[in-house]
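>
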Amino acid sequence: MGTAQDLQGVARALVAPGKGILAADESTGSIQKRLESVGVESTEETRRAYRDMLLTTKGAGEFISGVILFDETIRQSASDGTSFVKALEAAGIIPGIKVDTGAKPLSKSPKETVTEGLDGLRDRLIEYRKLGAKFAKWRAVIDIAGSELPTRYCLNVNAHALARYAALCQDEGIVPIVEPEVLMDGDHTVDRCFEVTCDTLTTVFNELYDQRVDLEGMLLKPNMVVAGKKSSTQVDHRTVAQMTVSALRRTVPGAVPGVVFLSGGMSDEDASARLNEMNKLGPHPWELSFSYGRALQAPALKAWKGDPANVEAGQRAFYHRAKMNSLARSGKYSDDMEAA
Ligand code: 13P
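The opening residue of the sequence shown carries number 117 in our numbering; numbering runs sequentially from there.
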C-alpha cells in the first residue's frame, strides 16, 4: 500500500507541466451512445477496438499524464496482446479507474441524483490496485433547475459520498479524483452557475476535511462556470475563465495540487480556449489542467467510425486535441493552431 508521499507524487505527476488526463471511462450505456452516433454497434470487441485506437496513439504521453478506464477496459488488451495497462505504462501514462456505479434517483427528492458505489468499494479498490490502477474517479451530478434545485440535501449527500470514496481510496494507496459536476443543461445564468458551483465546492471540501482526506494526495475535477446551454445570455471565454478562477479561489484550498476540468458538453475548441484563458490569468495556487472525455475524443471518434483503415486518422485527431490542450495548460493555445 502507498504512503502519503506516494499519493502526493502520483497526484502531482497527473498535473505535471504540459500534461492532463484523458477520461475514457464511459460506462457501457454511454459508450454505446457514442459508438452508435458514428454508426458502430457497441460490442465488447468494438469497445475494445475504439479504446485501442485512442490508447495506442504514438507520442500521446507527451501530453497525457493519465487515462481513466472503465471496469471492462482495465481488463482488456491492445491488438498486439499487450494489456492496456501495460501499454499505457510503457508510454509513461498512469492508468486510472472509474469506481462509482452511477447517479441514481435520490430518495425524497426524485428529480435529483445521488451517486452510488460505496458498498464493497474497499475490496474493488484492492482489486483495481492489483490490476495497475494508481488513481480513481467518482462523479457526483448536481443539476440546476430554477431557484429550487439543487437542494442542500442533494449537495450534502453527494459531498458525503465523495469524501467516503476519497478516504477509502487513500487508505488503499489510490489517488482520488473528486468530481462534483454542476451540469450545463438548462437555461440558468452564469451567475447562478457561479453561486451553485461555490456552494457545491464549499460543501465538498467541508466533508473532505471532516473525513480527514489528505488534500495534497487528491485532485479536484469540477465544471467550469458557464451559462446553461439553453440560456440566451452566453458569456465569452475570458468571462468563463475569470468566474471559474474566482469560484475556485473562494473554495479550493491551496493544498490541493491540481484542478482537472471536465468538458461537460462544451465543444472541443471551447474547452481548449477556456482552459487557456484561465492559465493566462495565473499563476494560481493549484495547477489548472484537463480531464476531458468528449472534448478529447469527439474528433477522433468521427474520424475512426469503426473502420480499421481509419485508425491512423483517428489517432491523428486525438493527438491534435491532446496537443492543443497541453498548450492551453500554460496559456500558449490560440485558435489559429486548429487549422494545422
Ligand atoms: P466530459 O469531459 O465528456 O464531460 O467527461 C469527463 C468525465 O469524466 C465525466 O465524468
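For glycine and all other residues, C-beta sits at the position ideal for the given N, C-alpha and C. Because the structure is a prediction, the values reported are computed rather than measured.
Determine whether the beta carbon atoms of aspartate 301 and lysine 345 lie at a separation below 8 Å.
Yes, they are a contact pair.
> With a threshold of 7 Å, establish whether the CB of serine 379 neighbours any heavy atom of ligand 1.
It does: the Cβ of serine 379 is within 7 Å (strictly closer) of some heavy atom of ligand 1.
> Would you mind giving the Cβ-Cβ distance between threonine 231 and aspartate 216, rounded to the nearest angstrom? I have them listed as a contact below 8 Å.
Right, the Cβ-Cβ distance comes to about 5 Å (below 8 Å), so this counts as a contact.
> I'd like to know if lysine 418 contacts chain C, where contact means its C-beta is closer than 8 Å to some C-beta of that chain.
Absent here is chain C; the protein component of the structure consists of one chain.
> Scan the stretch 373-436 and note each continuous alpha helix (DSSP H) run of 4 residues or more that stays entirely inside, going in chain order.
384-396 and 410-420, all fully within the stretch 373-436.
> For the stretch 406-416 against the stretch 440-448, do three or more pairs of beta-carbon atoms, one drawn from each stretch, fall closer than 8 Å, so that the two count as touching?
The stretch 406-416 vs the stretch 440-448: in contact.
> Leaving out the 5 sequence neighbours to the left and right, which residues in its chain are closer than 7 Å to threonine 172 when beta-carbon positions are compared?
Same-chain partners within the cutoff: Ala194 and Ala203.
> Is there contact here, the stretch 312-326 with the stretch 270-280, by at least three beta-carbon pairs under 8 Å?
The stretch 312-326 is in contact with the stretch 270-280.
> Taking 7 Å as the cut-off, does the CB of alanine 357 come closer than this to any heavy atom belonging to ligand 3?
Annotation note on ligand 3: not contained in the displayed structure, which lists ligand 1 as its ligands.
> Please specify which runs of the beta strand (DSSP E), each continuous and at least 3 residues long, are wholly inside the stretch 241-269, giving them in chain order.
Correct list: 251-258.
> By the 10 Å Cβ neighbour count, where 16 or more other Cβ atoms means buried, how is threonine 159 classified, buried or exposed?
By the neighbour-count rule (16 or more Cβ atoms within 10 Å), threonine 159 is not buried but exposed.
> Report yes if the CB atom of isoleucine 209 is closer than 8 Å to the CB atom of isoleucine 180, and no otherwise.
It is a contact, given that the beta carbons lie within the stated cut-off.
> May I ask you to report which of helix, strand or coil DSSP gives lysine 220?
Strand.
> By the DSSP assignment, the alpha helix (DSSP H) with glutamate 188 in it spans what residues?
From DSSP, the alpha helix (DSSP H) with glutamate 188 extends over 187-190.
> Between leucine 151 and threonine 162, which are expected to be in contact by the criterion C-beta below 8 Å, what is the C-beta distance as a whole number of angstroms?
Right, the Cβ-Cβ distance comes to about 6 Å (below 8 Å), so this counts as a contact.
> Which residues bound the beta strand (DSSP E) around threonine 319?
Unbroken run through threonine 319 is the alpha helix (DSSP H), 306-326; no beta strand (DSSP E).
> When we look at the beta-carbon of alanine 455 and count the other beta-carbons within 10 Å, is it buried (16 or more) or exposed?
The residue in question, alanine 455, is exposed, as its Cβ has fewer than 16 Cβ neighbours within 10 Å.
> When DSSP builds the beta bridges, which residues end up paired with alanine 139?
Note: alanine 139 sits in a beta bridge opposite Ile184.
> Could you give the distance in angstroms between the alpha-carbon of threonine 360 and the alpha-carbon of alanine 279?
Rounded to the nearest angstrom, the two C-alpha atoms are 22 Å apart.
> Per the DSSP calculation, proline 226 is bridged to which residue(s)?
For proline 226, which the question treats as bridged, DSSP gives no partner whatsoever.
> Check whether the stretch 251-264 and the stretch 286-298 touch, using three or more Cβ-Cβ pairs below 8 Å as the test.
Result yes; three or more Cβ-Cβ pairs closer than 8 Å.
> Can you tell which of His276, Gln286, Ala120 and Arg245 has its C-alpha closest to the C-alpha of leucine 317?
Leucine 317 has its Cα closest to that of His276, out of His276, Gln286, Ala120 and Arg245.
> Buried or exposed for aspartate 468, please, with buried defined as at least 16 other CB atoms from any protein chain shown within 10 angstroms of its CB.
A question about residue 468 goes unanswered here, because the residues of the chain that appear run from 117 up to 456.
> Can we count glutamate 403 as close to ligand 1, meaning its CB is less than 7 Å from some heavy atom?
No.
> Measure the beta-carbon distance from alanine 120 to aspartate 330 and round it to whole angstroms, keeping in mind my assumption that it falls under 8 Å.
Indeed, because the Cβ distance is near 6 Å, the residues count as touching under 8 Å.
> Skipping 5 residues on each side, what residues in its chain have a beta carbon closer than 8 Å to that of serine 379?
If we look at serine 379 and ignore the five residues flanking it on each side, its Cβ neighbours are Ala387, Phe406, Tyr408, Gly409, Arg410, Ala411 and Leu412.
> List the DSSP bridge partners of proline 292.
Beta-bridge pairing links proline 292 to Ala252.
> Quick one: grab the DSSP three-state call for isoleucine 209.
Correct three-state label for isoleucine 209: coil.
> Is the beta carbon of leucine 185 closer than 8 Å to that of proline 211?
Their beta carbons are under 8 Å apart, which means proline 211 touches leucine 185 by this criterion.
> Using a 10 Å radius around the Cβ and a threshold of 16 neighbouring Cβ atoms, would you call threonine 501 buried or exposed?
Look at the range of the chain in this structure, 117 to 456, and you will see that residue 501 is not part of it.
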